[in-house]
Amino acid sequence: IASFFPIKISDWTMTSNEWDYIGTVNAEHLSYNLSTNGNFVGLLSRGDKIVVLKMEYTISSTGVLDASNIPITTPFMGESGHNVDLYRAGKMCLTGSHTVAYTPKVSGSYQIDIKIPNTPEVQQVAVSAATDSELSGTFTIVYLQPGFDPISSDSISFDSTAEDFEIALRNMSDIIGSVEVSRHNCASPAISCSWNVTFLSFHGDSNMILLNKSQLGGVGDVEIQELVKGHISKSIIGMPRTIDVSAGDIDPSMTTAFGKGLVKAKAGEKSTFSIQPKDGYGNDKQCESSDLFYSAIYPEAKNDDSTVVSNNVESSQQENIDFCSFNYVPLTSGFHTVAIVYATSRERQVITTNYDGVVRAGTFK
Numbered sequence: 006i007a008s009f010f011p012i013k014i015s016d017w018t019m020t021s022n023e024w025d026y027i028g029t030v031n032a033e034h035l036s037y038n039l040s041t042n043g044n045f046v047g048l049l050s051r052g053d054k055i056v057v058l059k060m061e062y063t064i065s066s067t068g069v070l071d072a073s074n075i076p077i078t079t080p081f082m083g084e085s086g087h088n089v090d091l092y093r094a095g096k097m098c099l100t101g102s103h104t105v106a107y108t109p110k111v112s113g114s115y116q117i118d119i120k121i122p123n124t125p126e127v128q129q130v131a132v133s134a135a136t137d138s139e140l141s142g143t144f145t146i147v148y149l150q151p152g153f154d155p156i157s158s159d160s161i162s163f164d165s166t167a168e169d170f171e172i173a174l175r176n177m178s179d180i181i182g183s184v185e186v187s188r189h190n191c192a193s194p195a196i197s198c199s200w201n202v203t204f205l206s207f208h209g210d211s212n213m214i215l216l217n218k219s220q221l222g223g224v225g226d227v228e229i230q231e232l233v234k235g236h237i238s239k240s241i242i243g244m245p246r247t248i249d250v251s252a253g254d255i256d257p258s259m260t261t262a263f264g265k266g267l268v269k270a271k272a273g274e275k276s277t278f279s280i281q282p283k284d285g286y287g288n289d290k291q292c293e294s295s296d297l298f299y300s301a302i303y304p305e306a307k308n309d310d311s312t313v314v315s316n317n318v319e320s321s322q323q324e325n326i327d328f329c330s331f332n333y334v335p336l337t338s339g340f341h342t343v344a345i346v347y348a349t350s351r352e353r354q355v356i357t358t359n360y361d362g363v364v365r366a367g368t369f370k
């Protein structure tokens, strides 16, 4: 609601008008490979755009693409999971549209917003040994942030595990925030090794990290590259906007009645009670169809229809609130039963007549 804290809609769906459902895959966070739960050979080709957990990836031109594996050009950024839906996106992916469906349950004025999610920055640190040499020693990571002094990590071994690399970066958390590290291409750490650093809490495009190799022996090449450019979450064009959610159809099981006329009355004098129409979610609804309500008040211990007081319900308003009002005059003293009913549908009957000639005349009953 516009004047309150945001409400997260949980029962919503979004489907692309250009996506084709392929099947399910098992995906590991930061992995460059998706393992399939079916044979998708013939359904997917290298260079195809695919979507997993609402994020788009491209099938790599290298790596194993077979009945069990799908290589992707960028690391999988979603949470690890099994049996995740896989879609093939449209070839162009430039003007694709999506259909979003949701069911509001509380009437009122809402501000609806659609945002592109945060994309965390991913940078890769890769070191390799010089010809006829082996890596040894340690190195440090240096980060330069405008307005701050350069900050360095703790020493990192040439064959560091992902966990140790991540621990060495903790003293930089005030600047770069929390990170996640994964290790790749380290079958022979003395020859080459690389680490992917994901900036989990840094929003937007980060400066490139630097590597101090003064304590690193046998090094031939150091390469730092940006695998995924970080993006800040932002609203799409035309958002946010305000929408009005009106109450649904009247639901008799949720509709309530109130007023003095439901508790006591005096024979020969007018008494009144009110009916507040509500929809199936309990939202108040204006009394736009009062003619569909009917109420009857009859003595509890008598079967004489002449003492039954009945009438249709009328629409009324108090303090800008619409509700239905019912006025009645009881004829006898004693306990009475009040019955209120609502016509959920009206009966409709069709009369069809046929004529032998072209002239239509007369009447019928």
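The opening position of the sequence shown corresponds to residue 6 in this note's numbering, with each subsequent residue numbered one higher. Beta carbons are placed, not taken as given, at the ideal position from N, Cα and C, and that holds for glycine.
In summary, Phe340 is exposed, with fewer than 16 beta-carbon neighbours lying within 10 Å of its beta-carbon over all protein chains present.
Here Lys290 is buried, its C-beta having at least 16 other C-beta atoms within 10 Å. The C-beta separation of Val147 from Leu58 comes to about 34 Å, leaving the pair out of contact by the 8 Å criterion. By the neighbour-count criterion, in which a residue is buried when 16 or more other Cβ atoms sit within 10 angstroms of its Cβ, Leu149 is exposed.
Secondary structure of Gly225 (DSSP, three-state): strand. Arg93 counts as buried, since no fewer than 16 other beta carbons sit within 10 angstroms of its beta carbon. Counting the other CB atoms within 10 Å of its CB gives Trp17 a total below 16, which places it among the exposed residues.
For the pair His34 and Ala167, the Cα-to-Cα distance works out to about 14 Å. Beta-bridge analysis with DSSP links Lys120 to Ser240. Under the three-pair Cβ rule at 8 Å, the stretch 258-277 counts as touching the stretch 333-347. For Ala173, the enclosing alpha helix (DSSP H) stretches over residues Ala167 to Ala173.
Taking Phe328 as the centre and dropping the five residues before and after it, the same chain places the C-beta of Ser279, Gln281 and Cys292 closer than 6 Å to its C-beta, in chain order. Ranked by Cα distance from Val56, the first of Asn74, Ser66 and Gly83 is Gly83. Your pair Glu185 and Leu205 checks out as a contact, with CB atoms roughly 6 Å apart and the cut at 8 Å. For Ser197, the uninterrupted beta strand (DSSP E) run begins and ends at Ser197 to Phe204, by DSSP. The residues Ser112, Asp284, Asn288, Asp289 and Lys290, in chain order, have a CB closer than 7 Å to that of Ala252 in the same chain once the five nearest residues on each side in sequence are set aside. If you draw a straight line from the Cα of Ser65 to the Cα of Gly52, it comes to about 6 Å. Within the DSSP bridge table, the entry for Glu33 names no partner.
Here Leu267 carries a helix assignment [DSSP, helix/strand/coil]. Beta-bridge pairing by DSSP links Ser258 to no other residue.
Bridge partners of Phe144 according to DSSP: Ile161. Distance from the CA of Pro125 to the CA of Ser183, rounded to the nearest whole angstrom, comes to 11 Å. Judged by pairs of C-beta atoms under 8 Å, the stretch 65-77 does not touch the stretch 156-165, as fewer than three such pairs exist.
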